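Single-structure report; data block below.
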Amino acid sequence: MMPPSDHSDVDKENRRLWSEFSALGLEEVRRQIAGGYWREAKTKQANAWINHYISSRSEESADAVIEEARAANELARSANELASAANAVARDANATAREAADAAKNNNKIAIAALAAAIISIMISILGIFFRHGGH
Numbered sequence: 367m368m369p370p371s372d373h374s375d376v377d378k379e380n381r382r383l384w385s386e387f388s389a390l391g392l393e394e395v396r397r398q399i400a401g402g403y404w405r406e407a408k409t410k411q412a413n414a415w416i417n418h419y420i421s422s423r424s425e426e427s428a429d430a431v432i433e434e435a436r437a438a439n440e441l442a443r444s445a446n447e448l449a450s451a452a453n454a455v456a457r458d459a460n461a462t463a464r465e466a467a468d469a470a471k472n473n474n475k476i477a478i479a480a481l482a483a484a485i486i487s488i489m490i491s492i493l494g495i496f497f498r499h500g501g502h
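Just so we're on the same page, this note's numbering is the position in the sequence shown counted from 1, plus 366.
This is how it looks when you write it as structure tokens:
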């Protein structure tokens, strides 16, 4: 992290200071400022470095947040695709269940008709037995 450059001696000194601040790190630079260890010019450069440091970290953080949002968006898109596929499977299963229910209703009607036919056959048999034996 270097200050803007115009290649003057002042600029070289400022770049040297910013290198020093970078080596010390944010917390130590803040401690040095708070302790009053530096002269006004160095403190002014240190504050400029802190502002630049925080600003660049904020930009990096914003970029990271944007990248995380993109990744989350992609995951959400994938989840929506999976949900759509699951819904299609559920619709197919529902259609199959309805077809099975319709088949069961038809089978039930057939069974009722067969039972009715069986009851009629039994009644005819009983009547046949009754008339054969009753007519004598």
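Note that CB positions come from ideal geometry on N, CA and C, so glycine has one too. Please read these numbers as outputs of a predicted model, since none were measured by experiment.
{"Query": "How would you write the range of the alpha helix (DSSP H) that Arg382 sits in, first residue to last?", "Result": "Asp375 to Leu390"}
{"Query": "Does the count of Cβ pairs from the stretch 410-419 and the stretch 437-452 closer than 8 Å reach three?", "Result": "no"}
{"Query": "Take every Cβ of the stretch 405-415, pair it with every Cβ of the stretch 376-392, and state whether three or more of those distances are shorter than 8 Å.", "Result": "yes"}
{"Query": "Measure the CB-CB distance between Trp404 and Phe387 and report whether it falls below 8 Å.", "Result": "no"}
{"Query": "Buried or exposed for Val376, going by 16 or more other Cβ atoms inside 10 Å?", "Result": "exposed"}
{"Query": "For a test of the three-state rule: what should DSSP assign to Gly402, helix, strand or coil?", "Result": "coil"}
{"Query": "Whole angstroms is fine: what's the gap from Leu481's alpha carbon to Ile495's?", "Result": "21 Å"}
{"Query": "Express the C-alpha separation of Ala484 and Lys471 in angstroms, rounding to a whole number.", "Result": "20 Å"}
{"Query": "In whole angstroms, give me the CA-to-CA distance for Ser385 and Arg397.", "Result": "17 Å"}
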